[in-house]
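Peer 1: This is the structure I have questions about; it appears just below.
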Amino acid sequence: MSVSNIFLSDPHDAPTVRISQLYPLLELFSEHEPPVNTLFIMARAPLAGLPGIEVEAQDQLLLVDPPDDATS
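Going letter by letter, the sequence shown gives residues 365 to 436 in this note's numbering.
The structure is reproduced here in C-alpha coordinates:
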(Lines of atoms letter the chains of each structure in order from A and count residues from 1; the text may use other names and numbers.)
(Lines give C-alpha, C1' and ligand atoms only; values in the text may rest on other atoms or scores of the structure.)
Protein backbone atom coordinates (compact mmCIF):
# COMPACT_ATOMS: atom_id res chain seq x y z
CA MET A 1 0.00 0.00 0.00
CA SER A 2 1.37 3.41 -0.94
CA VAL A 3 0.88 6.53 1.09
CA SER A 4 0.60 9.95 -0.47
CA ASN A 5 0.90 13.29 1.24
CA ILE A 6 -2.24 15.35 0.73
CA PHE A 7 -1.90 19.07 1.32
CA LEU A 8 -5.10 20.60 2.63
CA SER A 9 -5.44 24.33 2.23
CA ASP A 10 -7.95 26.90 3.30
CA PRO A 11 -10.69 27.04 0.63
CA HIS A 12 -10.88 30.83 1.05
CA ASP A 13 -7.27 31.10 -0.19
CA ALA A 14 -7.99 29.01 -3.30
CA PRO A 15 -8.08 30.77 -6.68
CA THR A 16 -11.43 31.40 -8.33
CA VAL A 17 -11.98 28.53 -10.77
CA ARG A 18 -14.77 28.19 -13.36
CA ILE A 19 -15.36 25.60 -16.07
CA SER A 20 -17.89 26.52 -18.77
CA GLN A 21 -19.08 24.15 -21.47
CA LEU A 22 -19.25 26.24 -24.64
CA TYR A 23 -20.14 23.39 -27.01
CA PRO A 24 -20.41 19.59 -26.55
CA LEU A 25 -16.66 19.05 -27.09
CA LEU A 26 -15.35 22.49 -26.07
CA GLU A 27 -14.87 23.76 -22.50
CA LEU A 28 -13.34 26.93 -21.11
CA PHE A 29 -11.33 26.72 -17.87
CA SER A 30 -10.83 30.06 -16.07
CA GLU A 31 -8.96 30.73 -12.86
CA HIS A 32 -7.89 33.79 -10.86
CA GLU A 33 -9.08 37.38 -11.13
CA PRO A 34 -8.53 38.74 -13.75
CA PRO A 35 -9.14 35.36 -15.38
CA VAL A 36 -6.46 33.26 -17.02
CA ASN A 37 -8.20 31.04 -19.58
CA THR A 38 -7.47 27.64 -21.12
CA LEU A 39 -9.58 25.97 -23.83
CA PHE A 40 -10.12 22.21 -23.56
CA ILE A 41 -11.02 20.71 -26.96
CA MET A 42 -11.88 17.01 -27.35
CA ALA A 43 -11.25 15.84 -30.91
CA ARG A 44 -11.22 12.71 -33.03
CA ALA A 45 -9.40 11.96 -36.29
CA PRO A 46 -11.30 13.76 -39.11
CA LEU A 47 -12.00 10.61 -41.13
CA ALA A 48 -13.08 8.46 -38.20
CA GLY A 49 -16.55 7.04 -38.60
CA LEU A 50 -16.82 7.43 -42.37
CA PRO A 51 -17.98 4.24 -44.13
CA GLY A 52 -15.19 2.21 -45.72
CA ILE A 53 -12.38 4.13 -44.03
CA GLU A 54 -10.39 2.29 -41.41
CA VAL A 55 -8.45 4.62 -39.14
CA GLU A 56 -7.39 4.15 -35.58
CA ALA A 57 -9.67 6.72 -34.00
CA GLN A 58 -8.82 7.66 -30.47
CA ASP A 59 -10.11 10.75 -28.75
CA GLN A 60 -7.48 13.43 -28.32
CA LEU A 61 -7.50 16.31 -25.87
CA LEU A 62 -6.06 19.62 -27.07
CA LEU A 63 -5.30 22.35 -24.51
CA VAL A 64 -4.97 25.91 -25.80
CA ASP A 65 -3.35 28.50 -23.52
CA PRO A 66 -3.10 32.09 -24.71
CA PRO A 67 0.24 33.86 -24.24
CA ASP A 68 0.66 35.94 -21.08
CA ASP A 69 0.60 39.20 -23.07
CA ALA A 70 -2.57 38.35 -25.05
CA THR A 71 -4.50 41.29 -23.58
CA SER A 72 -1.84 43.93 -24.19
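For every residue, glycine included, the Cβ atom is placed at its ideal position computed from N, Cα and C. Keep in mind the model is a prediction, meaning the values are calculated, not measured.
In the DSSP output, what is Glu-397 paired with across the bridge?
Peer 2: Within the sequence shown, numbered from 1, the residue matching residue 397 stands at position 33. For Glu-397, which the question treats as bridged, DSSP gives no partner whatsoever.
Peer 1: Need the endpoints of the beta strand (DSSP E) that Leu-389 sits in, please.
Peer 2: As a first step, residue 389 must be located in the sequence shown, where it is residue number 25. Here Leu-389 belongs to no beta strand (DSSP E), and DSSP marks it neither H nor E.
Peer 1: Which of the three DSSP states is assigned to Thr-402 in this structure?
Peer 2: Within the sequence shown, residue 402 is the residue found at index 38, counting from 1. Note: Thr-402 maps to strand in three-state DSSP.
Peer 1: Would you mind reading off the limits of the beta strand (DSSP E) that contains Gln-422?
Peer 2: Walking along the sequence shown from the start, residue 422 turns up at place 58. It is not in any beta strand (DSSP E) - Gln-422 carries neither H nor E in the DSSP assignment.
Peer 1: Going by C-alpha distance, which of Ile-405, Thr-380, Gly-416 is nearest Leu-427?
Peer 2: The residue you call residue 427 lines up with position 63 of the sequence shown. Ranking Ile-405, Thr-380, Gly-416 by Cα distance to Leu-427 puts Ile-405 first.
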